[in-house]
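The letter at position 92 of the sequence shown is residue 92 when you use the UniProt record's numbering, and the numbering goes up by one with no holes. The C-beta atom is built at its ideal place from N, Cα and C for all residues, glycine as well.
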Amino acid sequence: MRSLRLVCVCVIWLSGVACGATTRDEAQRAIAALEKDVFSDEASQAASVIADFAATSEDVRFTLGPDTAPWVTEEHDRNEFDDAARAMLLAVYFAGNAKAQLARGQPGDDPYPGWLAVIAAYRRIQEKRPFIVPSLEHLAQLQQDGRLEQHARDVQLNSAALPTTPLRPEAGAPPAGTESRTPLPSGRGSPSEPSAPSPPLPPLVATTPDQVEEIGHEDQGLGLVFPGRLPGCVFRGVRRFEPAALGYSVTYRSNTGAEGALTCYIYDKGLPAIPTGGGSDVVRAEMAEVVSLIAPGWKERKGVVEPIVSTADIRNSDRPEPIAQLAVHRITVDKTANISVTVMTGYHDKFLKVRYTFPGHDPNTALRALTACWDAFAQANPIAAAELLGSNTSAAAAK
1 MRSLRLVCVC
11 VIWLSGVACG
21 ATTRDEAQRA
31 IAALEKDVFS
41 DEASQAASVI
51 ADFAATSEDV
61 RFTLGPDTAP
71 WVTEEHDRNE
81 FDDAARAMLL
91 AVYFAGNAKA
101 QLARGQPGDD
111 PYPGWLAVIA
121 AYRRIQEKRP
131 FIVPSLEHLA
141 QLQQDGRLEQ
151 HARDVQLNSA
161 ALPTTPLRPE
171 AGAPPAGTES
181 RTPLPSGRGS
191 PSEPSAPSPP
201 LPPLVATTPD
211 QVEEIGHEDQ
221 GLGLVFPGRL
231 PGCVFRGVRR
241 FEPAALGYSV
251 TYRSNTGAEG
261 ALTCYIYDKG
271 LPAIPTGGGS
281 DVVRAEMAEV
291 VSLIAPGWKE
301 RKGVVEPIVS
311 TADIRNSDRP
321 EPIAQLAVHR
331 ITVDKTANIS
341 VTVMTGYHDK
351 FLKVRYTFPG
361 HDPNTALRAL
371 TACWDAFAQA
381 NPIAAAELLG
391 SNTSAAAAK
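Okay, structure coming up:
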């Protein structure tokens, strides 16, 4: 699932972003620092600043995808070209792209100057770390041949058909006029969480594959199958909430205690006609409410919540509107850190909310693990996966 892997890459650079919107002056200083030396002490902070500016400022627009930033998702020996190098070059791309947009005083994605900046930085990095990235060599060859600028125009013309991720995370507030459309059965925003985090489940005894049922739970109404096992965790059970509008949850926990825990909530809050996908006002409003309750909920347990990605769209090429909404937080309790990932979408008049908790500080590791769980779920539910992704293979999957 290339589009889901792309989301993991987005978090690579977003994970270092400081809280608070970056100003234009701060962004310009960060651009200058990256232009001067990507190896300097200021470069890492500058990369975070320009990434924050790219994600939050109305002065610039970016579209991230395999054709605009191919080195990000390109398969490569991680010992040679690691996540830090990918992220730094992505920040350099934002810097070059943003500089051109700010200079002309009009927001609009401009890959060409971004690529020029990346090629220059790539050559400087190669002087200290001799490795080759084929996609960057291709861009450099196009520039040498005088064809890079035309290639950029071609990419922009075809961007609507690419698996791209516009960098415009939502601010977290529900869209105007949606408040009255969100009744709250029993006075609660979501079934059992996150305003009051559920008590931990008892530890599992280690299991072997032959001890796990093939199907953990089946929702015949939605046509969804929850496998008995997902990568790193096993099915623990179903919990139903009252009133019925709060739906139910399906929980997975690590069978060793070393991996993540995943809970999927399926509910409708009494709302009719919840659209499939993550772009509707009602789904955005629900996600905003869920995110707003995370910090207060963990405060009761003396947890410190650090936003990494407040709210962002997950997109795929075959579906013009977002597939889902994504939020990532680092939660620390008694000096123990976990990454909490929230994904929200609509499916057949229901909200589907996934809360994934993974031990440690690194959001990239958590996102890769969650992507593996998605891949397993998609294999068990090819029709639902095709419908959510807007895939052209829906008919084949249905067979």
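Per-residue DSSP class, three states only, for K302 | Start at 1 with the first residue of the sequence shown, and residue 302 comes out as number 302. Coil at K302, not helix or strand.
Residue range of the unbroken alpha helix (DSSP H) whose run includes V354 = Translated into the one-based positions of the sequence shown, residue 354 becomes position 354. Annotation: V354 is outside any alpha helix (DSSP H); the continuous beta strand (DSSP E) that includes it extends over 350–359.
Could you pull the start and end residues of the beta strand (DSSP E) that S340 belongs to?
-> On the sequence shown, position 340 is the one that residue 340 refers to. 336–347 is the span of the beta strand (DSSP E), which, as asked, contains S340.
Whole-angstrom C-beta distance between P70 and S135, which should lie under 8 Å | Your numbering for residue 135 matches position 135 in the sequence shown. Your numbering for residue 70 matches position 70 in the sequence shown. Their Cβ separation, rounded to whole angstroms, is 4 Å, which keeps S135 and P70 in contact under 8 Å.
From what residue to what residue does the alpha helix (DSSP H) around G277 run?
-> The residue given as residue 277 occupies position 277 in the sequence shown. Neither: G277 is in no alpha helix (DSSP H) and is coded neither H nor E.
First and last residue of the beta strand (DSSP E) that includes P227?
-> Start at 1 with the first residue of the sequence shown, and residue 227 comes out as number 227. Its beta strand (DSSP E) spans residues 224–227.
Euclidean distance between Cα positions of C264 and R368 = By one-based count along the sequence shown, residue 264 stands at place 264. By one-based count along the sequence shown, residue 368 stands at place 368. Spanning the two alpha carbons is a distance of roughly 18 Å.
Alpha carbon of D281 to alpha carbon of A32, nearest angstrom | As a first step, residue 281 must be located in the sequence shown, where it is residue number 281. As a first step, residue 32 must be located in the sequence shown, where it is residue number 32. So the alpha carbons of these two residues sit roughly 39 Å apart.
Whether R315 touches I323 by CB criterion (8 Å) = Here residue 315 refers to the residue found at position 315 of the sequence shown. Here residue 323 refers to the residue found at position 323 of the sequence shown. Contact: yes.
Since M344 contacts E306 with CB under 8 Å, what's their CB separation in whole angstroms?
-> By 1-based counting over the sequence shown, the position of residue 344 is 344. By 1-based counting over the sequence shown, the position of residue 306 is 306. With a Cβ gap of about 20 Å, M344 and E306 do not count as contacting.
Beta-carbon gap between D25 and R61 smaller than 8 Å = In the sequence shown, the residue the question calls residue 25 occupies position 25. In the sequence shown, the residue the question calls residue 61 occupies position 61. Taking 8 Å as the Cβ cut-off, D25 and R61 do not qualify as a contacting pair.
Do the stretch 133–153 and the stretch 48–57 touch if we need at least three Cβ pairs shorter than 8 Å?
-> With a cut-off of 8 Å, the stretch 48–57 and the stretch 133–153 do not count as touching, because too few Cβ pairs lie within range.
How many angstroms separate the CA atom of T311 from the CA atom of I339?
-> The residue labelled residue 311 in the question sits at position 311 within the sequence shown. The residue labelled residue 339 in the question sits at position 339 within the sequence shown. Roughly 15 Å separates the two Cα atoms.
Count the other C-beta atoms from every protein chain shown that fall within 10 angstroms of the C-beta of T336, then say buried if there are 16 or more, exposed otherwise.
-> Here residue 336 is taken as the residue at index 336 of the sequence shown, counted from 1. Counting Cβ neighbours within 10 Å, T336 comes out exposed, since fewer than 16 surround it.
Just reading off the beta strand (DSSP E) that E377 is part of, what are its end residues?
-> Here residue 377 refers to the residue found at position 377 when the sequence shown is read from its first residue. Inspection of the sequence shows that residue 377 is occupied by Phe rather than by Glu. Premise fails: F377 lies in the alpha helix (DSSP H), 363–380, not in any beta strand (DSSP E).
Indicate the three-state DSSP secondary structure (helix, strand or coil) for L230 in the structure shown.
-> Position 230 of the sequence shown, counted from the first residue, corresponds to residue 230. Here L230 sits in strand by DSSP.
Among L246, D41, R104, which one has its Cα closest to the Cα of L271?
-> Here residue 271 is taken as the residue at index 271 of the sequence shown, counted from 1. Nearest C-alpha to L271: L246.
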